[in-house]
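Undergrad: Quick one: this structure, given as C-alpha cells, is what I'll be asking you about.
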Amino acid sequence: MKTYFLIALFSFAASQFAQAQCDEFISDQQLQPGMFAISKLLKGDSHDYVAEITAVAGETFECRFLHSNSEYKFVECKKSIGSSKSSMQAKVHSNKGGKYSQGTLFEFNFFMASPEPCNFDLMNDELYYVIAEFPDRKSYLGRMERVDENFVIEFRHSGSVYTLNKNRTVIAVRGGTYAKGDLVILKHARRLIF
0 MKTYFLIALF SFAASQFAQA QCDEFISDQQ LQPGMFAISK LLKGDSHDYV
50 AEITAVAGET FECRFLHSNS EYKFVECKKS IGSSKSSMQA KVHSNKGGKY
100 SQGTLFEFNF FMASPEPCNF DLMNDELYYV IAEFPDRKSY LGRMERVDEN
150 FVIEFRHSGS VYTLNKNRTV IAVRGGTYAK GDLVILKHAR RLIF
C-alpha cells in the first residue's frame, strides 16, 4: 500500500513539474488564422512588429499589424536563409493602411497557443510568450515573466506593460488601455518550427 502511495505521489509531482516546463517550440503545425507573428524588415529599421494572422492559402497569408491595424497580404512565405529554425520570410503583396510597398521583404516568427497545459504558477525566472485575452475578447501576444507572486506582461505592439496577480487580475497598467481589475485569460504561446 505504501508503495502505491509513493508511486501516485511521484506521478503527481512529475506531472506538476512537466506542466511547469512550458516548451518554447512546436513542430508539425501549419500556419492558420488566429496565430500571431513577430516580424521585422530584413533590410531597414530594426523594429519588431506584432501581427495576427487572418487568412492562409499555401505560401500566402494575410495579417493585421496590431500597432497600426494595417492589413497586409504576404506571398512566397519560405524558410529564412541563415536564420533560426523558426524564422520564415515573405514579401509584401499588398496592404490596406500600411506603409510598406509590394516586394518589401519581412522575416517572421510565428506563434500559436500551446495545445499542452503550462502551469505559470510554477514558473521561476523564465520568460514566456503568452497570448493574453482581455474582457473584450481581443487577444494579444506578449512576453511574460514572474515577479514575486505576480506576472508582468510586456506587449511589443504597444509598449504597454500589465501586472497581473495570481488570479490573473490586472493590478497595474503602464501605457495600456485596459483597466485595473480586468480579468485576463493567459495561454502559453509556442514558436512554430518549419
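With numbering that gives the first Met the number 0 applied, the sequence shown has no gaps in its numbers, which climb one by one up to 193 at the end. Ideal placement from N, C-alpha and C gives every residue a C-beta, glycine not left out.
Go to S38, then tell me how far its beta strand (DSSP E) extends in each direction, as first and last residue.
TA: As a working note, residue 38 is residue 39 in the sequence shown. Here the beta strand (DSSP E) through S38 covers F35 to L40.
Undergrad: Suppose the cutoff is 8 Å on Cβ atoms and the five residues either side in sequence are ignored; what does the same chain contact list for D181 look like?
TA: The residue given as residue 181 occupies position 182 in the sequence shown. So the qualifying residues of the chain are F133, P134, T168 and V169.
Undergrad: Quick one: what's got a C-beta closer than 7 Å to G23's C-beta in the same chain, skipping five residues either side?
TA: Numbered from 1 along the sequence shown, position 24 holds the residue referred to as residue 23. In the sequence under discussion, the amino acid at residue 23 is Glu, which differs from the Gly named in the question. Closer than 7 Å at Cβ, skipping near neighbours: R189 and R190.
Undergrad: In whole angstroms, give me the CA-to-CA distance for F150 and S86.
TA: Reading the sequence shown from its first residue, position 151 is the one you call residue 150. Reading the sequence shown from its first residue, position 87 is the one you call residue 86. Cα-Cα distance, rounded: 28 Å.
Undergrad: Residue range of the beta strand (DSSP E) that F133 falls in?
TA: Along the sequence shown, read from residue 1 onward, the residue named residue 133 stands at position 134. Neither: F133 is in no beta strand (DSSP E) and is coded neither H nor E.
Undergrad: With DSSP run on the structure shown, which of helix, strand or coil describes F119?
TA: By one-based count along the sequence shown, residue 119 stands at place 120. If DSSP states are grouped into helix, strand and coil, F119 belongs with the helices.
Undergrad: Cβ atoms of V74 and A131: under 7 Å apart, would you say?
TA: As a working note, residue 131 is residue 132 in the sequence shown. As a working note, residue 74 is residue 75 in the sequence shown. Not in contact: A131 and V74 (Cβ atoms no closer than 7 Å).
Undergrad: With E106 as the anchor, note down where its beta strand (DSSP E) starts and where it stops.
TA: Stepping through the sequence shown from its first residue, residue 106 is reached at position 107. First-last of the beta strand (DSSP E) with E106: L104 to A112.
Undergrad: What separation, rounded to the nearest whole angstrom, lies between the Cα atoms of G174 and K39?
TA: To locate residue 174, count along the sequence shown from 1; it is residue 175. To locate residue 39, count along the sequence shown from 1; it is residue 40. Roughly 23 Å between the two C-alpha positions.
Undergrad: Within a Cβ cutoff of 6 Å, which residues of the same chain sit near T90, ignoring the five residues on either side of it in sequence?
TA: Mapped onto the sequence shown, residue 90 falls at position 91. Residue 90 is actually Lys in this sequence, not Thr. By the criterion of a C-beta distance shorter than 6 Å, K90 is surrounded in its chain by V74, E75, G102 and L104, once the five residues flanking it on both sides are discounted.
Undergrad: If you reduce the DSSP assignment to three classes, tell me which class E58 lands in.
TA: Against the sequence shown, residue 58 aligns to sequence position 59. Of the three classes helix, strand and coil, the one that applies to E58 here is coil, per DSSP.
Undergrad: Are the C-beta of F193 and some C-beta of chain B separated by less than 7 Å?
TA: Annotation note: the requested chain B is absent from the structure, which comprises a single protein chain.
Undergrad: If you count every other CB in all the chains shown that lies within 10 Å of the CB of K72, and 16 or more means buried, which is it?
TA: The count along the sequence shown starts at 1 and reaches residue 72 at position 73. Buried: at least 16 other Cβ atoms inside 10 Å.
Undergrad: How would you write the range of the beta strand (DSSP E) that H92 sits in, first residue to last?
TA: The residue labelled residue 92 in the question sits at position 93 within the sequence shown. Where H92 is concerned, the enclosing beta strand (DSSP E) stretches over S86 to K95.
Undergrad: Answer with buried or exposed for L126, where buried requires no fewer than 16 other C-beta atoms within 10 angstroms of its C-beta.
TA: Taking the sequence shown and counting its residues from 1, the one referred to as residue 126 is at position 127. By the C-beta density criterion, L126 is exposed, having fewer than 16 other C-beta atoms within 10 angstroms.
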